[in-house]
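Residues 0 to 371 (numbering that gives the first Met the number 0) make up the sequence shown, in order.
What follows is a set of notes on a single structure, which appears directly below.
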Amino acid sequence: MSATGAGDGSAPTRSAAARLGRWLLRAGKRAYAAALIVIIAGVTVMAFRYLVRSILAPTQAPERITQLPTRLGVATLTTQRTDWAGLELGGASRTPLSHYHRLESWIQPDRVNGCATSGCHNPLPHAQVKENRAFLNMHATVLHCGVCHFLADDRRLSLVWYDLQTGNEVEAPALLKALTLIESVPPGGVMELAQRRTLVELVRRACEQSGHSAELTELARQFDIIRPASEQFAELVAVAAGVLARHMRSEYGAKLAIKDPRTGAAILSHPGTARAVEEFLKRTSDEPPQSAARRAMAQRLHPLRRTSPRSCTECHRAGGGLIDFAALGFPPSRIRNLTEARVFEAIERIAAEQPLYLPGFVLPDSEGGDGP
Numbered sequence: 000m001s002a003t004g005a006g007d008g009s010a011p012t013r014s015a016a017a018r019l020g021r022w023l024l025r026a027g028k029r030a031y032a033a034a035l036i037v038i039i040a041g042v043t044v045m046a047f048r049y050l051v052r053s054i055l056a057p058t059q060a061p062e063r064i065t066q067l068p069t070r071l072g073v074a075t076l077t078t079q080r081t082d083w084a085g086l087e088l089g090g091a092s093r094t095p096l097s098h099y100h101r102l103e104s105w106i107q108p109d110r111v112n113g114c115a116t117s118g119c120h121n122p123l124p125h126a127q128v129k130e131n132r133a134f135l136n137m138h139a140t141v142l143h144c145g146v147c148h149f150l151a152d153d154r155r156l157s158l159v160w161y162d163l164q165t166g167n168e169v170e171a172p173a174l175l176k177a178l179t180l181i182e183s184v185p186p187g188g189v190m191e192l193a194q195r196r197t198l199v200e201l202v203r204r205a206c207e208q209s210g211h212s213a214e215l216t217e218l219a220r221q222f223d224i225i226r227p228a229s230e231q232f233a234e235l236v237a238v239a240a241g242v243l244a245r246h247m248r249s250e251y252g253a254k255l256a257i258k259d260p261r262t263g264a265a266i267l268s269h270p271g272t273a274r275a276v277e278e279f280l281k282r283t284s285d286e287p288p289q290s291a292a293r294r295a296m297a298q299r300l301h302p303l304r305r306t307s308p309r310s311c312t313e314c315h316r317a318g319g320g321l322i323d324f325a326a327l328g329f330p331p332s333r334i335r336n337l338t339e340a341r342v343f344e345a346i347e348r349i350a351a352e353q354p355l356y357l358p359g360f361v362l363p364d365s366e367g368g369d370g371p
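This is how it looks when you write it as structure tokens:
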């Protein structure tokens with residue numbers, strides 16, 4: 000009887016559990032349906048609001064896109080790379096169109112160039128002569144103004160690399176050293192293990208000096224994950240040669256300046272003119288740019304200024320110009336590019352409003368490069 004009684008007592012329990020299970024299942028389905036209705040209704044409301052707002056009050060484009068500067072002053076030049084669209088992701092970011100159409104990286108700010116920090120000149124100051132201003136401003140990203148505009152020895156310029164943040168003398172940029180090391184290995188030769196390790200360190204330093212350029216950052220990462228003794232390293236070296244060559248413009252973390260023969264330091268401004276500059280900026284703010292008083296004051300601010308700036312071919316010529324590029328750390332391939340006079344002669348002809356024949360100026364003389 001006890002067994003029968005126990006069985007009879009369990010039946011109501013199983014029935015209650017079944018009813019509870021069915022109720023929970025129905026409740027769960029209803030809750031799911033209700034939640035789905037709420038979500039769909041919410042998304043519908045949000046989509047409708049977005050549609051109405053986009054029609055009645057369209058979203059404005061970000062200022063970093065719409066407010067791209069048309070002039071490159073000190074404030075713009077010191078802007079961080081990430082403040083402008085496309086600098087990190089794009090392969091050819093924009094700069095003010097009065098100076099360049101496209102540029103592969105953001106120009107590094109020179110915080111010690113007295114010509115620009117004084118407030119007298121822009122960091123890329125050439126704007127008047129459209130025929131050659133882009134080429135001149137390109138030089139301003141790697142040379143101090145004084146290299147072309149200061150009085151110095153006309154036989155051979157004594158130059159020094161200086162840090163853009165401190166103005167102190169520094170050694171040749173790591174980017175130049177890295178490419179020089181790559182080119183030192185003869186065709187078909189093998190880079191020694193010690194040379195490979197040195198190259199890895201130079202690429203890391205070049206990345207830092209460039210302000211962590213996206214392409215150099217990726218190159219440094221590749222060198223970090225590939226063992227110097229591996230076969231893949233040799234393949235990466237070939238890739239690195241092309242990458243480094245593309246970054247040989249204003250990505251050194253340093254510039255070249257005239258070297259003071261007395262102190263050995265870089266000459267970064269006209270000496271003894273700080274107070275006169277302040278007075279000039281105060282007194283001439285309301286005077287016409289070409290007034291006699293303004294010109295007289297400007298003359299006193301430039302005791303080292305040459306009567307006329309240096310020409311392209313004074314430095315860029317195969318027979319040996321005013322600059323010893325090898326002594327400054329430039330690799331052989333870059334020296335060949337810098338001393339090939341054909342392009343620079345063409346720029347001078349354009350500036351002088353002389354005819355320039357295409358494709359004559361880019362062809363060897365044996366192929367008719369001299370004539371129309």
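For each residue, glycine too, the CB sits at the ideal point set by N, CA and C.
Just so you know, these numbers come straight off a predicted model, no measurement behind them.
Proximity of residue i and residue j at Cβ, strictly below 8 Å
i: Cys-314; j: Ile-322; result: yes
i: Val-202; j: Phe-222; result: yes
i: Leu-267; j: Val-141; result: no
i: Ala-253; j: Gly-166; result: no
i: Leu-280; j: Gly-118; result: yes
i: Phe-134; j: Ile-334; result: no
i: Leu-303; j: Gly-113; result: no
i: Ala-350; j: Asn-131; result: yes
i: Tyr-161; j: Glu-168; result: yes
i: Ala-228; j: Leu-198; result: no
i: Arg-179; j: Pro-354; result: Residue identity differs from the one stated: residue 179 is Thr in this sequence, not Arg. It is not a contact, given that the beta carbons lie outside the stated cut-off.
i: Gln-107; j: Gly-210; result: yes
i: His-148; j: Arg-305; result: yes
i: Leu-235; j: Leu-174; result: no
Segment limits, beta strand (DSSP E) that includes residue i
i: Leu-158; result: 158-162
Closest Cα partner of residue i within the set the options
i: Asp-152; options: Pro-331, Asp-259, Ala-30, Ile-346; result: Asp-259
i: Asn-121; options: Asn-131, Asp-109, Val-128, Lys-129; result: Asp-109
i: Arg-261; options: Ala-17, Ser-157, Ala-340; result: Ser-157
i: Pro-270; options: Gly-41, Gly-210, Leu-150; result: Leu-150
i: Pro-308; options: Ser-53, Glu-352, His-143; result: His-143
i: Glu-214; options: Lys-28, Thr-272, Ile-38, Arg-245; result: Arg-245
i: Ala-139; options: Val-42, Glu-250, Val-44, Asn-336; result: Glu-250
i: Ile-224; options: Leu-55, Leu-163, Arg-196; result: Arg-196
i: Glu-398; options: Leu-23, Arg-226, Arg-316, Ser-212; result: Absent from the structure is residue 398, since the part of the chain shown begins at 0 and ends at 371.
i: Gln-208; options: Pro-172, Val-44, Leu-24; result: Pro-172
Sequence-distant residues of the same chain with beta carbon closer than 7 Å to residue i, five excluded per side
i: Val-184; result: Met-190
i: Ala-239; result: Ile-181, Val-202, Leu-218
i: Arg-155; result: Leu-321, Asp-323
i: Ala-325; result: Ile-334
i: Val-128; result: Ala-350
i: Ala-26; result: none
i: Ala-256; result: His-143, Gly-145, Val-146, Leu-158, Val-159, Tyr-161, Ala-265, Ile-266, Leu-267
i: Arg-373; result: Since the first residue of the chain shown is 0 and the last is 371, residue 373 is not available in this structure.
Residue range of the unbroken alpha helix (DSSP H) whose run includes residue i
i: Ala-133; result: 132-139
i: Ala-326; result: First-last for Ala-326: undefined, no H or E at that position.
i: Cys-311; result: 311-314
i: Leu-180; result: 173-183
i: Glu-168; result: It is not in any alpha helix (DSSP H) - Glu-168 carries neither H nor E in the DSSP assignment.
i: Val-146; result: 145-148
i: Gln-298; result: 291-299
i: Ala-350; result: 340-350
i: Gly-113; result: 113-116
Contacts around residue i, its chain only, beta-carbon distance under 8 Å, and the 5 residues preceding and following it disregarded
i: Val-276; result: Ser-117, Gly-118, Cys-119, Leu-300
i: Thr-216; result: Cys-206
i: Gly-263; result: Val-159, Glu-168
i: Ser-332; result: Leu-178, Glu-182, Ala-244
Neighbourhood of residue i by C-beta distance below 6 Å, restricted to the same chain and skipping five residues each side
i: Lys-176; result: Leu-201
i: Leu-88; result: With a pLDDT of 44 at Leu-88, under the threshold of 50, the modelled position of this residue cannot be trusted; read the value that follows with caution. Cβ neighbours of Leu-88 beyond the five flanking positions: none.
i: Ala-33; result: none
i: Ala-297; result: none
i: Val-37; result: none
i: Arg-348; result: Leu-355
i: Thr-272; result: Leu-300
Quick one: complete beta strand (DSSP E) runs, 3+ long, within the stretch 190-275?
253-257
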